[in-house]
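Chains as they are written, first to last, in this note's numbering: chain V, 1 to 228; chain A, 1001 to 1228.
Every residue, glycine too, gets a C-beta built ideally from N, C-alpha and C.
It should be emphasised that the depicted structure is a prediction, and the values quoted were computed from it without experimental measurement.
There are 2 protein chains.
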Amino acid sequence: MSQAPSRRPATPARPATSKPAGPGRPKDLGKRAAILDAAKRLFSTQGYDGVSMDQIAAEAGVSKLTVYSHFGDKEALFVEAVKAHCEARLPPEMFEAADAAPLREGLLQIVRAFYAMITGPEALGVHRLMCSPQLAESPMPRLFWDAGPRRVQEAVATMLQHHVDSGELDIDDVQRAASQLLCLAKGEAHAQQVFGCGGELDADALDSHLRGTVDMFLRAYAVRSKAP
Amino acid sequence: MSQAPSRRPATPARPATSKPAGPGRPKDLGKRAAILDAAKRLFSTQGYDGVSMDQIAAEAGVSKLTVYSHFGDKEALFVEAVKAHCEARLPPEMFEAADAAPLREGLLQIVRAFYAMITGPEALGVHRLMCSPQLAESPMPRLFWDAGPRRVQEAVATMLQHHVDSGELDIDDVQRAASQLLCLAKGEAHAQQVFGCGGELDADALDSHLRGTVDMFLRAYAVRSKAP
DNA sequence: GTCTATATAGCGATAGAC
DNA sequence: GTCTATCGCTATATAGAC
Chain V
1 MSQAPSRRPA TPARPATSKP AGPGRPKDLG KRAAILDAAK RLFSTQGYDG
51 VSMDQIAAEA GVSKLTVYSH FGDKEALFVE AVKAHCEARL PPEMFEAADA
101 APLREGLLQI VRAFYAMITG PEALGVHRLM CSPQLAESPM PRLFWDAGPR
151 RVQEAVATML QHHVDSGELD IDDVQRAASQ LLCLAKGEAH AQQVFGCGGE
201 LDADALDSHL RGTVDMFLRA YAVRSKAP
Chain A
1001 MSQAPSRRPA TPARPATSKP AGPGRPKDLG KRAAILDAAK RLFSTQGYDG
1051 VSMDQIAAEA GVSKLTVYSH FGDKEALFVE AVKAHCEARL PPEMFEAADA
1101 APLREGLLQI VRAFYAMITG PEALGVHRLM CSPQLAESPM PRLFWDAGPR
1151 RVQEAVATML QHHVDSGELD IDDVQRAASQ LLCLAKGEAH AQQVFGCGGE
1201 LDADALDSHL RGTVDMFLRA YAVRSKAP
């Protein structure tokens, strides 16, 4: 339950005398990755209770005890799978590019990237996982929140502050404004997709939604050219 | 799985000759209600898999077979519980009152009522239920969406249209604007509460959030007094 | 119609062979 | 380190007594 549950219980203190090099565990890297990948896929589509250790083992092409030897138990495997998912998901430089672009274009880039990031099948699966009542008391939703949504919002707030400093935006609380922009971009479409009703928007509807988002945001916060 | 799973499997075709009146099932109304109530409470707090038929029976004060005799199986009971929950949840007249009030006050009334409606413990529980992967392919999320969020948004759109007609608001697409207002009111706080991290906002933070919501909405859509 | 007791099955986790 | 076979537990659903 702590940090690294994949550490083995008791390495027998081999002082590297009987074997010259690498007697520890030089073999299992591929299988461990396969297990983690299978776990990510199955957990995100079927939930924690919805998938059994047998299914994970079968999907990964190994036996069940191999799973238990690499990860301690089901919960530890789940934690590792979610961690791996979060780490491979944060946008690398999109905010730098958006920062350099003109205001409206930069905002459009941000909401486009954000919407794509949260409506992918895996992202929706993880969102559903975080909603499961079993995790409500665990520290995992908090970890996910800090590793995902919080970072994005901070980056957006920083970008907005730059445009406030340059005199293009009139915003008192950039943190709140960043939150508002992202909530607008999510929109009801995201909620529907999380529930499973109302599938993906087609390209036209998506473009209309995101442009409408940026339009409203700028109507509220853009400094208007002073009346003559 | 279809419409009315609570219908009994085979009524033995008693032609009302041996007994004069009411031999069918005149007794179980109280127990049926108790079972439904217990199911609503437990399902919404612990999820579908998180609660067993034994727990429901114990919570309702009846035996397990009584549950099975009233509802066919676990899934049918679940469907009935969610139906009962949705039917008893829509706000009665709050939009009429908001319609008569001045613009800013009306919007504040709406977002206050909306926020209270979606952040109650039971509402959060149902939201989490709708996210569960097992229901993603079922028609239930769609039913919930049409019975809940969709109606609220329609009512808000109607209210906004009135203020557009009276010249107070400048909105092209009132449906989109209604959706935007509600998404803003939900905010990130709702998402955090659904996940289970970051509990309820205190009174001050809540007031600040909702006033900020209405402020931004009006900055974007209120007709501004023409410059002199 | 309702309850106590039980059948059946699936899951998580483990023991022992290679 | 990996696999096959198995234990222990829990949950859904049912059979028989009052």
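Review point. Between the segment 201-219 of chain V and chain A, which residues of the former have CB atoms less than 9 Å from a CB of the latter, in chain order?
Key: Residues of the segment 201-219 of chain V with a C-beta atom less than 9 Å from some C-beta of chain A are Ser208, His209, Gly212, Thr213, Asp215, Met216, Phe217, Leu218 and Arg219, listed in chain order.
Check your understanding: Who are the neighbours of Asp1049/A on chain V, taking C-beta pairs under 7 Å?
Key -> What you label residue 1049/A is simply residue 49 of the second sequence in a count that begins at 1. Ordered by position in chain V, the residues that pass the 7 Å Cβ test against Asp1049/A are Asp49.
Review point. Between Glu122/V and chain A, is there a C-beta pair that is closer than 8 Å?
Key: To locate residue 122/V, count along the first sequence from 1; it is residue 122. Among the CB atoms of chain A, none fall inside 8 Å of the CB of Glu122/V.
Review point. Taking only beta-carbon atoms, is Lys83/V less than 8 Å away from chain A?
Key: Walking along the first sequence from the start, residue 83/V turns up at place 83. So no, Lys83/V is outside the interface.
Review point. Helix, strand or coil: how does DSSP classify Ala136/V here?
Key: Working through the first sequence from its first residue, we reach residue 136/V at position 136. When DSSP states are grouped into helix, strand and coil, Ala136/V belongs to the coil group.
Check your understanding: Quick one: is Met1001/A near chain V, going by C-beta distance under 8 Å?
Key -> Position 1 of the second sequence holds residue 1001/A. Because Met1001/A carries a pLDDT of 35, less than 50, the predicted location of this residue cannot be relied on, and the following value inherits that uncertainty. With 8 Å as the cut-off, Met1001/A does not count as an interface residue toward chain V.
Check your understanding: Could you give the uninterrupted runs of the alpha helix (DSSP H) lying entirely in the segment 52-127 of chain V, keeping only those of 4 residues or more?
Key -> If only uninterrupted alpha helix (DSSP H) runs of at least 4 residues are considered, those enclosed by the segment 52-127 of chain V are 53-60, 64-70, 74-87, 94-100 and 103-119.
Check your understanding: chain V partners of Lys1186/A, CB-CB under 8 Å?
Key -> Here the question's residue 1186/A lines up with position 186 in the second sequence. Simply Cys183.
Practice item. Please confirm whether Val1299/A and Ala1034/A have their CB atoms less than 8 Å apart. Key: Lying before the first or after the last residue shown, residue 1299/A is absent from chain A, which here runs from 1001 to 1228.
**Study point:** Cβ neighbour criterion (16 or more within 10 Å) applied to Arg211/V
**Key:** By one-based count along the first sequence, residue 211/V stands at place 211. Flag for Arg211/V reads exposed.
Point to revise | Start and end residues, alpha helix (DSSP H) containing Tyr1221/A | key: In the second sequence, residue 1221/A corresponds to position 221, counting from 1. Its alpha helix (DSSP H) spans residues Ala1203 to Tyr1221.
Check your understanding: For Gln180/V and chain A, any beta-carbon pair shorter than 8 Å?
Key -> As a working note, residue 180/V is residue 180 in the first sequence. Using a CB distance cut-off of 8 Å, Gln180/V counts as an interface residue toward chain A.
Point to revise | Neighbourhood of Val1082/A by C-beta, 6 Å cutoff - its chain only, sequence neighbours within 5 removed | key: To locate residue 1082/A, count along the second sequence from 1; it is residue 82. Here the set comprises nothing.
Exercise for review: Consider the Cβ of Gln1192/A: report whether some Cβ of chain V lies at a distance smaller than 8 Å.
Suggested key: As a working note, residue 1192/A is residue 192 in the second sequence. The C-beta of Gln1192/A comes closer than 8 Å to at least one C-beta of chain V.
Check your understanding: Bridge partners of Leu1169/A, per DSSP?
Key -> Your numbering for residue 1169/A matches position 169 in the second sequence. According to DSSP, which records beta bridges pairwise, Leu1169/A is partnered with Ala1222/A.
Point to revise | Separation of Ser1132/A from Gln180/V, as counted between CA atoms | key: As a position in the first sequence, residue 180/V is number 180, starting the count at 1. As a position in the second sequence, residue 1132/A is number 132, starting the count at 1. The C-alpha of Ser1132/A is placed about 27 Å away from the C-alpha of Gln180/V.
Practice item. Kindly list the residues whose CB is nearer than 7 Å to the CB of Ala1098/A, restricted to its own chain and excluding five residues on each side of it in sequence; keep chain order. Key: Locating residue 1098/A in the second sequence gives position 98, counting from the first residue. Gly1106, Gln1109, Ile1110 and Met1159, listed in sequence order.
Review point. Is the Cβ of Arg1077/A closer than 8 Å to any Cβ of chain V?
Key: For the purposes of this step, residue 1077/A is identified with residue 77 of the second sequence, where counting begins at 1. In the sequence under discussion, the amino acid at residue 1077/A is Leu, which differs from the Arg named in the question. Not an interface residue.
Review point. Can you find a CB in chain V that lies within less than 8 Å of the CB of Gln981/A?
Key: Nothing in the structure corresponds to residue 981/A, since chain A is present only between 1001 and 1228.
**Study point:** Gly1241/A: first and last residue of the uninterrupted alpha helix (DSSP H) it sits in
**Key:** In the structure displayed, chain A extends from 1001 to 1228; residue 1241/A sits before or after that span and is not available.
Practice item. Verify the CB distance criterion: does Ser1225/A have a CB-CB separation below 8 Å to chain V? Key: The residue you call residue 1225/A lines up with position 225 of the second sequence. Chain V, which has no Cβ nearer than 8 Å to the Cβ of Ser1225/A, makes this no.
Review point. Any idea what DSSP makes of Gly1187/A, helix, strand or coil?
Key: As a working note, residue 1187/A is residue 187 in the second sequence. If DSSP states are grouped into helix, strand and coil, Gly1187/A belongs with the helices.
Point to revise | Cβ shell of Phe1190/A (< 7 Å), same chain only, five flanking positions each side left out | key: The residue you call residue 1190/A lines up with position 190 of the second sequence. Checking the sequence, you will find His at residue 1190/A rather than Phe. Within the same chain, His1190/A has close Cβ partners Ile1118 and Thr1119.
Practice item. May I have the straight-line CA-CA distance separating Ala1185/A from Asp1049/A, to the nearest angstrom? Key: For the purposes of this step, residue 1185/A is taken as the residue at position 185 of the second sequence. For the purposes of this step, residue 1049/A is taken as the residue at position 49 of the second sequence. Ala1185/A and Asp1049/A: Cα-Cα distance of roughly 31 Å.
Review point. Taking C-alpha atoms, which residue in Leu1103/A, Gln1175/A and Leu1129/A lies nearest to Val1079/A?
Key: On the second sequence, position 79 is the one that residue 1079/A refers to. If you compare the alpha carbons of Leu1103/A, Gln1175/A and Leu1129/A with that of Val1079/A, the shortest gap goes to Leu1129/A.
Exercise for review: Establish whether the CB of Cys86/V and some CB of chain A are separated by less than 8 Å.
Suggested key: For the purposes of this step, residue 86/V is taken as residue 86 along the first sequence, with counting starting at 1. No, Cys86/V does not count as interfacial toward chain A.
Check your understanding: Quick one: is Val223/V buried, meaning 16 or more other Cβ sit within 10 Å of its Cβ, or exposed?
Key -> Position 223 of the first sequence, counting from 1, holds the residue named residue 223/V. Exposed, since its Cβ has fewer than 16 Cβ neighbours within 10 Å.
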